[in-house]
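One structure is given here, and the rest of the page talks about it.
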Amino acid sequence: YSVTFNLYIGVDLINLPTNTFCDSPDPNVNQLCIPKSLDDSIKIIAHDLGDRMNKIADIVKSEDPDVIGLQEVFLLRKQFPGNFFTNPAADATEIVLDFLDVMMLALSSK
Numbered sequence: 020y021s022v023t024f025n026l027y028i029g030v031d032l033i034n035l036p037t038n039t040f041c042d043s044p045d046p047n048v049n050q051l052c053i054p055k056s057l058d059d060s061i062k063i064i065a066h067d068l069g070d071r072m073n074k075i076a077d078i079v080k081s082e083d084p085d086v087i088g089l090q091e092v093f094l095l096r097k098q099f100p101g102n103f104f105t106n107p108a109a110d111a112t113e114i115v116l117d118f119l120d121v122m123m124l125a126l127s128s129k
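Residue numbering for the sequence shown follows the numbering used here, beginning at 20 and increasing consecutively.
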């Protein structure tokens, strides 16, 4: 028997307010700036995330499924300057929040 869970990010990142453009180290490229509200939103996500993952882990422990499916397992990374306007450029490597790590920690604690 299998179960599936949608981990849901918990905030709409698409509609976050952005400052127009900010200067890039490259004078030929402007970068879209995300204001501090992104950091605040990530704190909100992280605060709620542990509780949500623990509730899922409790269900998994009580149901004991053979297979667990996970949807919307986010890996949030950041970098400056971003590569939105400079593709192809290296993707961000600084991990801010990894939903799979949080889920695995919750499962291993049960």
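Just so it is clear, CB atoms sit at the ideal spot from N, CA and C, and this is done for glycine as well. Just so it is clear, the structure is predicted and the values come from calculations on it, not from any experiment.
- A direct Cα-Cα distance of roughly 43 Å separates S81 from A109.
- Membership of D117 in the beta strand (DSSP E) is indicated by the continuous run 113-117.
- Burial is judged here by how many other beta carbons sit within 10 angstroms of a residue's own beta carbon; I75 has at least 16 and is buried.
- For R96 and F118, the gap between their C-alpha atoms comes out near 12 Å.
- In the three-state reduction of the DSSP assignment, L26 falls in the coil class.
- For the pair P84 and Q98, the Cα-to-Cα distance works out to about 38 Å.
- A residue is called buried once 16 or more other Cβ atoms fall within 10 Å of its Cβ, and L68 is buried on that count.
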